[in-house]
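I have placed the structure first, in the form of structure tokens, so that the comments after it can refer back to it.
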Amino acid sequence: MGSITGAVLKTLLLLSTQNWTRVIAGNSYDCDKPLVSALSPASFSSSSELSSSHGPGFARLNRRDGAGGWSPLVSNKYQWLQIDLGERMEITAVATQGGYGSSNWVTSYLLMFTDSGRNWKQYRQEDSIWGFSGNANADSVVYYRLQPSIKARFLRFIPLEWNPRGRIGMRIEVFGCAYSVGLNDGQWHSVSLSAKRNHLSVVVDSQVASAAFSLGSEQMYSGGTYYFGGCPDNSFGSKCKNPVGGFQGCMRLISISDKLVDLISVQQGSLGNFSDLQIDSCGITDRCLPNYCEHGGECSQSWNTFHCNCANTGYSGATCHNSVYEKSCESYKHRGNTSGFYYIDSDGSGPLDPFLLYCNMTETAWTVIRHNGSDLTRVRNTNPEKPYAGFFEYVASMEQLQATINLAEHCEQELTYYCKKSRLANQQDGSPLSWWVGRTNETQTYWGGSLPDPQKCTCGLEGNCIDSQYYCNCDADRNEWTNDTGFLSYKEHLPVRKIVVTDTGRPHSEAAYKLGPLLCRGDRSFWNSASFNTEASYLHFPTFHGELSADVSFFFKTTASSGVFLENLGITDFIRIELRSPAVVTFSFDVGNGPFEISVQSPTHFNDNQWHHVKVERNMKEATIQVDQLLPKTQPAPADGHVLLQLNSQLFVGGTATRQRGFLGCIRSLQLNGMSLDLEERAKVTPGVEPGCRGHCSSYGKLCLNGGKCREKLSGFSCDCTFSAYTGPFCSKEISAHFGTGSSVVYNFQENYSLSKNSSSHAASFHGDMKLSRETIKFSFRTSRAPSLLLYVSSFYKEYLSVIIAKNGSLQIRYKLNRHQEPDVVNFDFKNMADGQLHHVEINREEGVLFVEIDDNARRQVHLSSGTEFSAVRSLVLGRISEHSDVDQETAMAGAQGFLGCLSAVQLSHVAPLKAALQPSHPAPVTISGHVTESSCVSQAGPDATSRERTHSFADHSGTRDDREPLANAIRSDSAVIGGLIAVVIFILLCIVAVAARIYQQKRLYKRNEAKRSENVDSAEAVLKSELNIQSAVSENQKEYFF
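Be aware that the sequence shown starts at 528, since it is given in our numbering, and climbs by one per residue.
Below you can see the structure in the form of structure tokens.
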């Protein structure tokens, strides 16, 4: 074909599904248009609003109308601002502001998205579970580019933190463009390229992708050869260059200058040439129909296979099958996690999405699920024909909540119902006047603390109702405030979804209610286990159905060298997981083309009687196995096997159908496609198998830190922190205290040398007859004062140990183990230790050898000359030394000054004096003097460090904490009796006047609170408390008047 000055090329293309860069006529794809500014107010919604002028419709960036932004009614972590973009959009950036001209702004937030308005997913950057940093003031704009972008219709902003001196306040903008699936959708598309002299245009699917583009004075010449689909290799001498790789897909109806190209002629060799083509047929197979990517994974394909993009789904694997989150707070706890917000996926690889909640890690892991109605709500002017109904929306769907509740060992929800002339039931006909509705949509008439018995409350069960003829306090129908309060704990009825009130229509009749969060503890499946005692023993369950995707996970521990964990057979298909040898775990299966297996080999043996975790998966693309933290093994699925795994026999656990090669040991927490098997229940009725399995501390004891001891429990374990300076579920929470000027904590090992031998306290091991040849001392401190006394240990023999900060800021350790010699001094002067920073000290003495470590980097070993034994230890002092002591001048100076700052995790061998003083679990001989407050030494130092650290105060005590006695003064003279009677009469008269004044003040407060009740929910609760105070004051006054 000859050279022409212009050309028109047309064709129909069918693209295989790959990821192509979006480019239009050589220009970069523009997707940064503001999307929020043009939305109607109806496109905005929120969890609540402070007032009508703080509604979500005022949350547009840089707008000043209304109150200048959105603010919720109550500022907590369960509020949200939502926008509906109207259709699926590609979102490339977000921007936030605070409320205009206010002190309301958000300092961090989560960004959630969805296409349906349900099943929200969190946007995560670089796999971070937390969100975005927000604003530092009300009006500056903080902008974030989203990489990767979001494709969604709905966005939700969830504030996590905000200005502590204000409220939550937000104005937002979202940037992006309309979302297009692109040309790689497996459909036919038309393309027309027109090049005429110095003008160029492209039309795709009848839409002009670029207006006619002028090349100026340059002319375009097409040459005589056209290449479609790619370039030949250089052996043909071609100047064709292909910067993006060859085309994969189909073309048809190719025309050049309005002349149709005869592809059959190309095939026959009479027109052009070709390579690696199928002419007169299109060989594209849509490998994404049906879509085998699970949980919303996006399917794409190459010529030979499909791929699943699992980004932002919460799942992983070749088909997005496995959840990346744990099933419960209990699981997170036993990975060593502390309290905080976590995603949980209650059904694992099942169909339910993960959701965000709070895990409170105490000795038991508590799951906290909030709702939108946690504030006090008051109800008036209702009757059976005009009832009030309050609804509760939770952060999870009912299906997610049900899965979480079913998994938990125990769930509860506190419901408080206040009433004044508002009954729960009609005593004449027994019909309910107020009730609540739970998960099953059934009307419930029992109230907090009661069993599921109709129209009963806690006081009815305990027999202490204010009127004994009723089972609930509110049914007494009194014209004063009372309440029926308690925890609802019948799992099948939780959570509370609605509360209905109908009896507040009479004069002076009113009710109020408050519903707490849903609280669940434990995980029934996590410790569910069985012990297999013989090789012939096994448990059997119904057939495992994992036709397309199958995942199995469990824990095991054994001392045997081999055994089958699990087996399920079909006619020819099967799956089996076994301990092949002491260091090899094997996963084998057959999908119609013979056995296939994959193994993990460990450098150490698995039969060490410790828990090991196994996880296997088989899907259409591959098979994987992982044991503990070893590298997973992956193999592609057999190419000639059929798609479905077809099994029909029973599932055998701990053995096989032939009763050979059975497993000896324990199996725990067995999960199949996210569903838990109850091993313990089946083991109760199976010979050779016992429910439960002891011996968890050998595997989990390492989670008990800082001297905590692992204690076995029937299901699991606990950490005993009795002899640790730390507390918490894993003995990892340090106990710290801020010491004010002149304050001290004194731990007395023995008050009197002669009495010490009979002591039964924890200090008894430091008795007078004992000579300490070794001790370990650990603590952390933060101070800006020198000199200071950090720690002082004294004995009855004038021997002592002092740790001080000298006047020059150096840290000194002074040991005097012989009263006739001067003390040994170990001086650390490499830096000023009174620098306001947190420092760590560890001292270990073995007879005359002392090992000291400061801040994990300064280490020193010293040989003491003053002695090798510490005799008759008397007391340990933190802070100021108040009594006269025979010590050296430097220690005396520091002791007189005491300590001003923060001390943390103080421990002398098994004694933790701060813990005994601030969190006593048993009587301890501790004396607190001055201002000592529980705090956190970890916070940054600064001018307000003291006020930031204080969270709990103790009064100044004299004497030991466990030995305080009430005052007992007796007046024995007649004149004293007469004077006392006169004083009593005067006191009664003064009380009557004071109570009358108090009632008057309370009434005025009540009227003010009534006027402000509509401002926010907090004031509603304050009004109710005010009325209860008035009621209490009136009651007290009546009693005093009668007297």
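Idealized CB from N, CA, C, for every residue including glycine.
Original post:
Do Ser-765 and Tyr-754 have their CB atoms nearer than 9 Å?
Top reply: yes
**OP:** Under the assumption that Glu-1144 contacts Ala-1077 (Cβ atoms under 8 Å), give the Cβ distance between them as a whole number of angstroms.
**Re:** 7 Å
Original post:
Just how far apart, CA to CA, sit Gly-644 and Leu-1430?
Top reply: 50 Å
Original post:
Looking only at its own chain, which residues have a Cβ that is under 7 Å from the Cβ of Leu-1021, when we skip the five neighbours before and after it?
Top reply: Ile-932, Cys-938, Gln-940, Gly-965, Arg-966, Leu-1015 and Leu-1045
Subject >> Cα-Cα separation, Asp-980 to Tyr-973 >> reply: 6 Å
Original post:
Near Asn-1146, which residues of its chain fall below 8 Å by C-beta distance, leaving aside the five closest residues on each side in sequence?
Top reply: Tyr-819, Gly-844, Ala-845, Thr-846, His-848, Leu-1075, Ser-1076, Ala-1077 and Ala-1164
Subject >> Coarse secondary structure for Trp-1396, derived from DSSP in three states >> reply: Residue 1396 is actually Glu in this sequence, not Trp. DSSP places Glu-1396 in coil when its eight states are reduced to three.
Original post:
Using a Cβ-Cβ cut-off of 8 Å (strictly less than) and excluding sequence neighbours within five positions of Gly-1228, which residues of its own chain qualify?
Top reply: Cys-1237 and Phe-1244
Original post:
In chain order, what residues of the same chain lie with their CB nearer than 8 Å to the CB of Asn-908, ignoring the 5 residues before and after it?
Top reply: Thr-1031 and Gly-1032
Subject >> Chain-order list of residues whose beta-carbon lies under 6 Å from that of Glu-1067 (same chain, five-residue window excluded) >> reply: Looking at the sequence itself, residue 1067 is His, so the reference to Glu does not match. The residues are Gln-1177 and Phe-1179.
**OP:** From the DSSP output, in three-state form, read off Val-793 for me.
**Re:** helix
**OP:** Would you mind working out which of Val-1127, Arg-1221 and Thr-1185 sits nearest Leu-1158, comparing C-alpha positions?
**Re:** Val-1127
Original post:
How far does the alpha helix (DSSP H) with Lys-766 in it reach, from first residue to last?
Top reply: Run containing Lys-766: none; DSSP gives neither H nor E here.
Original post:
Can the beta-carbon of Val-1433 be found closer than 9 Å to that of Ala-1150?
Top reply: no
Original post:
Where Glu-1105 and Glu-1261 are concerned, what is the direct C-alpha to C-alpha distance, given to the nearest angstrom?
Top reply: 44 Å
Original post:
Nearest-angstrom Cα distance between Pro-568 and Ser-580?
Top reply: 12 Å
Subject >> Among Gly-1181, Pro-583, Leu-566 and Val-1118, nearest to Ser-1603 - alpha-carbon criterion >> reply: The shown model of the chain, from 528 to 1570, leaves out residue 1603, and the question about it has no answer.
**OP:** Quick one: grab the DSSP three-state call for Ala-722.
**Re:** strand
**OP:** Verify whether the separation of the beta carbon atoms of Thr-634 and Asn-603 is less than 9 Å.
**Re:** no
**OP:** Could you check the C-alpha separation between Arg-1346 and Phe-1257 for me, to the nearest Å?
**Re:** 41 Å
Original post:
Can the beta-carbon of Glu-1417 be found less than 9 Å from the beta-carbon of Gln-1339?
Top reply: yes
**OP:** Kindly confirm or deny that the region 849–859 and the region 993–1012 touch, where touching means at least three C-beta pairs closer than 8 Å.
**Re:** no
Subject >> Given Cys-1174 as reference, the closest of Tyr-945, Pro-1069 and Leu-1445 once Cα atoms are compared >> reply: Per the sequence presented here, residue 1174 reads as Leu, with Cys not at that position. Considering only alpha carbons, the answer is Pro-1069.
Subject >> Backbone secondary structure at Arg-591 - three-state DSSP >> reply: coil
Subject >> Which listed residue (Asp-559, Ala-838 and Glu-890) has its alpha carbon closest to that of Glu-700 >> reply: Asp-559
Original post:
How is Thr-970 classed by DSSP in three states: helix, strand or coil?
Top reply: strand
Original post:
Does the pairing of the region 1213–1232 with the region 822–836 give three or more beta-carbon distances under 8 Å?
Top reply: no
Original post:
With a CB to CB cut of under 6 Å and the five nearest residues on each side skipped, what residues in its chain are close to His-1367?
Top reply: Ser-1307 and Asp-1382
Subject >> Three-pair Cβ contact test at 8 Å for the region 917–929 versus the region 990–1008 >> reply: no
Subject >> Touching by the beta-carbon criterion (3+ pairs, under 8 Å), the region 942–954 and the region 1039–1058 >> reply: yes
Original post:
Where Val-1352 and Arg-1341 are concerned, what is the direct C-alpha to C-alpha distance, given to the nearest angstrom?
Top reply: 5 Å
Subject >> Beta-bridge pairing of Glu-1349 - partner residues as DSSP gives them >> reply: According to DSSP, Glu-1349 bridges with nothing at all.
Original post:
Tell me which same chain residues have a C-beta within less than 7 Å of the C-beta of Ser-1271, skipping the five on either side of it?
Top reply: Val-1404, Leu-1405, Gly-1406, Arg-1407, Ser-1409, Gly-1425, Ser-1456 and Gly-1457
Original post:
Apart from the five residues just before and just after Phe-484, which ones in its own chain have a Cβ nearer than 7 Å to its Cβ?
Top reply: There is simply no residue 484 to check, as the chain begins at 528 and stops at 1570 in what is shown.
Original post:
If you draw a straight line from the alpha carbon of Pro-911 to that of Thr-1029, how long is it in whole angstroms?
Top reply: 5 Å
Original post:
On the three-state DSSP scale, how would you describe Glu-1019?
Top reply: helix
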